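J.: Quick one: the structure is below, questions incoming.
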Amino acid sequence: MINTTGLLLGLFMLFAIGFGFFWVIKVEYHLGARVWKVVLLIGVLLCLSTLFIPSFLPSALLGILGGSIVWGATELLPQEERVRRGLFPQNPRKGKLKNE
């Protein structure tokens, strides 16, 4: 019997990381980096919730998702800096960035 659990977790991790790039850019564009603490809390709560899921696979998938969200929260401030340097577009409805 072939065990596909590792392959599934690896593919889900690739998806979570790839989607993380996308949502960090979109969250910074629409909401700004000021929400990083809320995003961090959501990721930590997802990670902690894995402690109460009895089945391995759903717990592992939720842990990967939570960890990816925690990492993304730490990328919101650097993303704001990348916008400031002109590497990504600034939302014109948000006004000028600080230190600009």
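Residue 199 is where the sequence shown starts when you use the working numbering, and the numbers rise one by one after that.
Ideal Cβ positions, reconstructed from N, Cα and C, are used throughout, including at glycine.
Keep in mind the model is a prediction, meaning the values are calculated, not measured.
1) When we look at the beta-carbon of Ile200 and count the other beta-carbons within 10 Å, is it buried (16 or more) or exposed?
2) With the cut-off set at 7 Å, would you say Gly265 and Thr248 are in Cβ contact?
3) Could you check which residue in Phe220, Phe219, Leu229 has the C-alpha nearest to that of Pro290?
4) Below 8 Å on the Cβ atoms is my guess for Leu238 versus Ala271; work out the distance and round it to an integer in Å.
5) How would you write the range of the alpha helix (DSSP H) that Ile251 sits in, first residue to last?
6) Apart from the five residues just before and just after Glu226, which ones in its own chain have a Cβ nearer than 7 Å to its Cβ?
7) Mark Gly216 as exposed unless 16 or more other C-beta atoms lie within 10 angstroms of its C-beta, in which case mark it buried.
8) For Ile223, which three-state DSSP category applies?
9) By Cβ distance, which residues of its chain are closer than 7 Å to Ala258, with the 5 residues on each side in sequence left out?
10) Apply the 10 Å Cβ neighbour rule to Val236 and answer buried if 16 or more other Cβ atoms are within range, or exposed otherwise.
T.: So, from the data block:
1) The count along the sequence shown starts at 1 and reaches residue 200 at position 2. Exposed is the call here.
2) As a working mapping, residue 265 is identified with position 67 in the sequence shown. As a working mapping, residue 248 is identified with position 50 in the sequence shown. Not a contact, by the Cβ cut-off of 7 Å.
3) Here residue 290 is taken as the residue at index 92 of the sequence shown, counted from 1. Measuring from the Cα of Pro290, the nearest candidate turns out to be Leu229.
4) To locate residue 238, count along the sequence shown from 1; it is residue 40. To locate residue 271, count along the sequence shown from 1; it is residue 73. Indeed, because the Cβ distance is near 4 Å, the residues count as touching under 8 Å.
5) Looking up residue 251 in the sequence shown gives position 53. Careful: Ile251 lies outside any alpha helix (DSSP H) and carries neither H nor E.
6) Position 28 of the sequence shown, counting from 1, holds the residue named residue 226. Once the five neighbours on either side are set aside, the close Cβ partners of Glu226 are Leu274, Gln277, Glu278, Val281.
7) Within the sequence shown, numbered from 1, the residue matching residue 216 stands at position 18. By the 10 Å Cβ count, Gly216 comes out exposed.
8) Numbered from 1 along the sequence shown, position 25 holds the residue referred to as residue 223. Helix at Ile223.
9) What you label residue 258 is simply residue 60 of the sequence shown in a count that begins at 1. Counting only Cβ-Cβ distances below 7 Å, and skipping sequence neighbours, we find Leu207.
10) Mapped onto the sequence shown, residue 236 falls at position 38. Answer is exposed; the Cβ neighbour count stays below 16.
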